[in-house]
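Quick note: the sequence shown uses the numbering used here, first residue 194, plus one each step.
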Amino acid sequence: MQGHSSPWDVAIVGGGASGTLLAIHLLKQARAPLRVLLLERGRSVGQGLAYSTRSQRHLLNVPAARMGAFMEDPEHFLRAVRRQAPDTAPGDFVPRQRYGQYLAEVLEETRARAATGVRLETRSAEVVSVREHGGLVTLATEDGAEHVARRAVLALGNADPADLRVEDGGLYASPHYHRSPWVHDALAGIGANDAVLLIGTGLTMVDAVLSLEEQGHTGPLYAVSRHGLLPHRHLRASTGTYDSPGIRDVLRALRREGLRPQDDTTAHPIPVRVRALLRVLRREVRRATDAGASWRAVVDALRPVTVPLWQRLSDVERRRFLRHLRSYWDVHRHRMAPGVADGLEQLMARGRLTVRAARVRGFRLDDTGTVHARILPRGEGREEHLQVRHVVNCTGPEGTVTRHGHPLLKRLADAGRLRPDTLGMGLDTDSHGALLDAHGRTGGLLYTLGPLRRGELWETTAVPEIRAQARALADHLLARLNHGLLPPRRSAG
Numbered sequence: 194m195q196g197h198s199s200p201w202d203v204a205i206v207g208g209g210a211s212g213t214l215l216a217i218h219l220l221k222q223a224r225a226p227l228r229v230l231l232l233e234r235g236r237s238v239g240q241g242l243a244y245s246t247r248s249q250r251h252l253l254n255v256p257a258a259r260m261g262a263f264m265e266d267p268e269h270f271l272r273a274v275r276r277q278a279p280d281t282a283p284g285d286f287v288p289r290q291r292y293g294q295y296l297a298e299v300l301e302e303t304r305a306r307a308a309t310g311v312r313l314e315t316r317s318a319e320v321v322s323v324r325e326h327g328g329l330v331t332l333a334t335e336d337g338a339e340h341v342a343r344r345a346v347l348a349l350g351n352a353d354p355a356d357l358r359v360e361d362g363g364l365y366a367s368p369h370y371h372r373s374p375w376v377h378d379a380l381a382g383i384g385a386n387d388a389v390l391l392i393g394t395g396l397t398m399v400d401a402v403l404s405l406e407e408q409g410h411t412g413p414l415y416a417v418s419r420h421g422l423l424p425h426r427h428l429r430a431s432t433g434t435y436d437s438p439g440i441r442d443v444l445r446a447l448r449r450e451g452l453r454p455q456d457d458t459t460a461h462p463i464p465v466r467v468r469a470l471l472r473v474l475r476r477e478v479r480r481a482t483d484a485g486a487s488w489r490a491v492v493d494a495l496r497p498v499t500v501p502l503w504q505r506l507s508d509v510e511r512r513r514f515l516r517h518l519r520s521y522w523d524v525h526r527h528r529m530a531p532g533v534a535d536g537l538e539q540l541m542a543r544g545r546l547t548v549r550a551a552r553v554r555g556f557r558l559d560d561t562g563t564v565h566a567r568i569l570p571r572g573e574g575r576e577e578h579l580q581v582r583h584v585v586n587c588t589g590p591e592g593t594v595t596r597h598g599h600p601l602l603k604r605l606a607d608a609g610r611l612r613p614d615t616l617g618m619g620l621d622t623d624s625h626g627a628l629l630d631a632h633g634r635t636g637g638l639l640y641t642l643g644p645l646r647r648g649e650l651w652e653t654t655a656v657p658e659i660r661a662q663a664r665a666l667a668d669h670l671l672a673r674l675n676h677g678l679l680p681p682r683r684s685a686g
């Protein structure tokens with residue numbers, strides 16, 4: 194058992210960006226004694242998969258001036274970077290490794306400035322079971338210890354990629370298959386001249402290509418996905434903001450709707466359909482172009498209203514979006530840093546990287562270690578055969594999280610303590626992030642935030658959205674614990 198006579202107030206499982214930001218906001222907002230336990234199975238907090246990379250070529254996909262840990266101070270990160278690199282511009286794309294270091298720094302600064310009696314303890318341990326009892330939560334770790342808390346938050350990040358559901362011919366059990374490029378040294382077994390097939394053409398594929406380049410790979414690279422779309426690039430210089438009339442109208446409509454009483458059965462939310470939203474978006478892009486602005490400004494203008502729009506879509510409309518428009522949205526919304534885009538274009542121009550719109554139909558691994566991949570190019574009726582030495586899964590967290598994600602989630606789902614959302618993209622929660630059980634009920638003891646709320650919120654994987662969730666959840670937990678809140682104050686730095 195833990196070495197304290199009283200339970201922790203909040204236990205956070207996972208010390209990546211989501212868990213670290215939540216801990217920061219709990220420490221910053223608390224004004225009465227509060228004990229927070231942060232359990233991270235890795236060695237360091239603040240990193241997780243996204244920011245634990247060692248590569249200086251893996252850059253943030255958001256400019257430095259928008260990556261601060263605090264909503265009220267988005268340039269907080271920029272100032273931290275400038276202490277070491279004074280010439281950093283607001284629009285620069287900084288190495289992701291630096292952001293993981295920044296989160297750890299802010300956590301320590303916030304801990305040092307916390308109110309009297311507000312404590313944080315971090316421990317390196319993996320949680321293997323969670324039990325609710327008598328209004329408390331007991332977390333058991335693989336080392337046999339147990340930690341009792343009044344509230345617990347599962348901040349486990351993204352699920353692992355799912356294997357393609359095709360005949361693998363022995364590939365998946367071999368060293369020629371790399372299920373995730375983010376596992377430590379995942380690509381180390383790939384020879385310099387080996388031909389490599391990358392499944393997926395999004396930002397994960399881009400990072401895998403950069404990692405291979407950095408380790409001296411010179412062989413051919415083939416990237417395939419259903420649509421064969423590459424992420425667009427960020428512009429090198431800001432084109433300024435664009436006041437989008439159509440998006441402004443949407444925002445006003447949502448604000449008007451928010452004034453309606455939720456319990457009024459005669460009030461029906463404004464019906465939102467994907468096709469209608471697409472028409473608005475295309476019209477606004479034309480207006481922006483005519484005004485000399487970039488389509489990027491219109492996509493960025495949607496960011497503040499993306500979550501409420503998503504929540505007003507029916508499950509039918511959400512599935513329609515995922516089936517027909519998700520790939521197009523992703524490449525416009527999640528863009529590459531300019532320098533990264535330049536490097537990718539050079540690889541394609543030299544013939545080193547080939548990008549195809551195609552489906553993988555199956556694999557066969559022969560005795561020589563050659564992988565024979567069957568692919569069906571988009572719009573064609575005949576398969577093609579591709580021979581490579583390695584296959585890297587860059588599809589991202591597509592599978593149901595309770596099946597392909599953290600083992601803890603599978604055990605909790607099997608026990609009926611949580612359930613996937615209706616789309617199978619994340620976990621089912623209430624509006625505060627409290628987990629719903631198999632019957633749709635919540636005891637208000639277990640919570641989550643970040644990528645595990647993707648099905649409910651859609652935009653929940655980038656720092657600007659996660660920091661808002663972390664602040665809101667911190668305030669909610671402190672209120673539920675009858676703790677009270679500090680008035681807003683300036684952030685550290």
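Even for Gly, the Cβ is constructed at its ideal location relative to N, Cα and C. The model shown is predicted, which means the values in this text are computed figures rather than measured ones.
Quick check: what's the CA-CA separation for V491 versus Y244?
Mapped onto the sequence shown, residue 491 falls at position 298. Mapped onto the sequence shown, residue 244 falls at position 51. Approximately 28 Å between the Cα atoms of the pair.
Report yes or no: is there a C-beta of chain D within less than 8 Å of the C-beta of P501?
No chain D appears in the structure shown, which is made up of a single protein chain.
Roughly how far, in whole angstroms, is the beta-carbon of R571 from the beta-carbon of G363, given that I think they are within contact range, below 8 Å?
Sequence index remark: in the sequence shown, residue 571 carries index 378 (1-based). Sequence index remark: in the sequence shown, residue 363 carries index 170 (1-based). About 27 Å; that fails the 8 Å criterion.
Along the chain, where does the alpha helix (DSSP H) containing H669 start, and where does it finish?
Indexing the sequence shown from 1 puts residue 669 at position 476. Element bounds for H669: 656-673.
Decide if N386 is buried, meaning its Cβ has at least 16 other Cβ atoms within 10 Å, or exposed.
To locate residue 386, count along the sequence shown from 1; it is residue 193. Label assigned to N386: exposed.
So the candidates are A333, S317, A318, R316; which of them puts its Cα closest to the Cα of R324?
For the purposes of this step, residue 324 is taken as residue 131 along the sequence shown, with counting starting at 1. With distances taken between Cα atoms, R324 lies closest to A333.
Exposed or buried, V376, counting other C-beta atoms within 10 Å across all chains shown (16 or more means buried)?
Within the sequence shown, residue 376 is the residue found at index 183, counting from 1. Result: exposed.
Is the beta carbon of M529 sitting closer than 8 Å to the one on N351?
As a first step, residue 529 is located in the sequence shown; it is residue number 336 there, counting from the start. As a first step, residue 351 is located in the sequence shown; it is residue number 158 there, counting from the start. The answer is no: Cβ separation not under 8 Å.
On the DSSP letters alone, give me the boundaries of the beta strand (DSSP E) that A566 sits inside.
As a working note, residue 566 is residue 373 in the sequence shown. Looking at the DSSP string, the run of the beta strand (DSSP E) that includes A566 is 564-570.
Should V731 and L219 be called a contact, given that it needs their Cβ atoms to be closer than 8 Å?
The shown model of the chain, from 194 to 686, leaves out residue 731, and the question about it has no answer.
How is the alpha helix (DSSP H) around A542 delimited, first residue to last?
Position 349 of the sequence shown, counting from 1, holds the residue named residue 542. Looking at the DSSP string, the run of the alpha helix (DSSP H) that includes A542 is 531-542.
In its own chain, which residues sit with a C-beta less than 6 Å from the C-beta of L546, not counting the 5 before and 5 after it?
Within the sequence shown, the letter at position 353 stands for residue 546. Correct list, in chain order: L414, L540.
Excluding the 5 residues preceding and the 5 following R236 in the sequence, name in chain order all residues of the same chain whose CB lies nearer than 7 Å to its CB.
Residue 236 sits at position 43 when you count from the first residue of the sequence shown. If we look at R236 and ignore the five residues flanking it on each side, its Cβ neighbours are S317.
If I follow the unbroken alpha helix (DSSP H) through S248, where does it start and stop?
The residue given as residue 248 occupies position 55 in the sequence shown. Looking at the DSSP string, S248 is not in any alpha helix (DSSP H), and its letter there is neither H nor E.
Is L253 helix, strand or coil when you go by DSSP?
The count along the sequence shown starts at 1 and reaches residue 253 at position 60. L253 falls in the coil class under three-state DSSP.
Return the chain-ordered list of same chain residues with a C-beta closer than 8 Å to the C-beta of D356, the five sequence neighbours on each side being excluded.
As a first step, residue 356 must be located in the sequence shown, where it is residue number 163. Result list for D356: Y365, R372, N586, in chain order.
Does DSSP put R324 in a helix, in a strand, or in coil?
For the purposes of this step, residue 324 is taken as residue 131 along the sequence shown, with counting starting at 1. Reduced to three states, the DSSP call for R324 is strand.
Based on Cα-Cα distance, which residue from H583, R575, G555, R552 lies nearest to T561?
Locating residue 561 in the sequence shown gives position 368, counting from the first residue. Checked all of H583, R575, G555, R552; the closest Cα to T561 is H583.
So what does DSSP say about L579, is it helix, strand or coil?
Position 386 of the sequence shown, counting from 1, holds the residue named residue 579. Strand at L579.
Looking at G209: is its Cβ nearer than 8 Å to the Cβ of L231?
Stepping through the sequence shown from its first residue, residue 209 is reached at position 16. Stepping through the sequence shown from its first residue, residue 231 is reached at position 38. Cβ distance not < 8 Å, so G209 and L231 don't count as in contact.
Tell me the DSSP bridge mates of Y370?
Indexing the sequence shown from 1 puts residue 370 at position 177. DSSP, once it has assigned bridges, lists V584 as partnering Y370.
Nearest to T246 by CA position, among P590, G532, P531, R289, is which residue?
Start at 1 with the first residue of the sequence shown, and residue 246 comes out as number 53. Here the closest residue by C-alpha is R289.
Alpha carbons only, please: which of T641, T281, P438 is nearest the one belonging to V478?
Taking the first residue of the sequence shown as 1, we reach residue 478 at position 285. If we check each option's Cα against that of V478, P438 comes out closest.
Beta carbon of A548, beta carbon of A566: below 8 Å?
Taking the sequence shown and counting its residues from 1, the one referred to as residue 548 is at position 355. Taking the sequence shown and counting its residues from 1, the one referred to as residue 566 is at position 373. The residue asked about is misnamed: residue 548 is Val in this sequence, not Ala. No, the Cβ-Cβ distance between V548 and A566 is not below 8 Å.
Is the beta carbon of T622 sitting closer than 8 Å to the one on E649?
By 1-based counting over the sequence shown, the position of residue 622 is 429. By 1-based counting over the sequence shown, the position of residue 649 is 456. Yes, the Cβ-Cβ distance between T622 and E649 is below 8 Å.
Which two residues bound the contiguous alpha helix (DSSP H) that contains V229?
Taking the sequence shown and counting its residues from 1, the one referred to as residue 229 is at position 36. Unbroken run through V229 is the beta strand (DSSP E), 227-233; no alpha helix (DSSP H).
Who are S317's beta bridge partners in DSSP?
As a working mapping, residue 317 is identified with position 124 in the sequence shown. E233.
Leaving out five residues on either side along the sequence, give the residues of the same chain with a beta carbon under 8 Å from the beta carbon of L396.
Working through the sequence shown from its first residue, we reach residue 396 at position 203. Correct list, in chain order: N254, P424, H527, M529.
In chain order, what residues of the same chain lie with their CB nearer than 6 Å to the CB of Q662, ignoring the 5 residues before and after it?
What you label residue 662 is simply residue 469 of the sequence shown in a count that begins at 1. Hits under 6 Å: L642.
Reducing DSSP to helix, strand and coil, say where D493 ends up.
In the sequence shown, residue 493 corresponds to position 300, counting from 1. D493: helix per DSSP, three-state reduction.
Identify whether W375 lies in helix, strand or coil by the three-state DSSP scheme.
As a first step, residue 375 must be located in the sequence shown, where it is residue number 182. Reduced to three states, the DSSP call for W375 is coil.
CA-CA distance, H625 and H269?
As a working mapping, residue 625 is identified with position 432 in the sequence shown. As a working mapping, residue 269 is identified with position 76 in the sequence shown. Approximately 26 Å between the Cα atoms of the pair.
In three-state terms, what does DSSP make of T397?
Within the sequence shown, numbered from 1, the residue matching residue 397 stands at position 204. Helix at T397.
Return the residue from the list T615, G393, L506 that minimises the CA-CA distance to V467.
Taking the first residue of the sequence shown as position 1, residue 467 is located at position 274. Closest option to V467, Cα to Cα, is L506.
Below 8 Å on the Cβ atoms is my contact criterion, and I expect V311 with P374 to pass it. Report the Cβ-Cβ distance as a whole number of Å.
For the purposes of this step, residue 311 is taken as residue 118 along the sequence shown, with counting starting at 1. For the purposes of this step, residue 374 is taken as residue 181 along the sequence shown, with counting starting at 1. Rounded, the Cβ-Cβ distance is 39 Å, inconsistent with contact.
Consult DSSP for W201 and reduce its assignment to one of helix, strand or coil.
Indexing the sequence shown from 1 puts residue 201 at position 8. Strand at W201.
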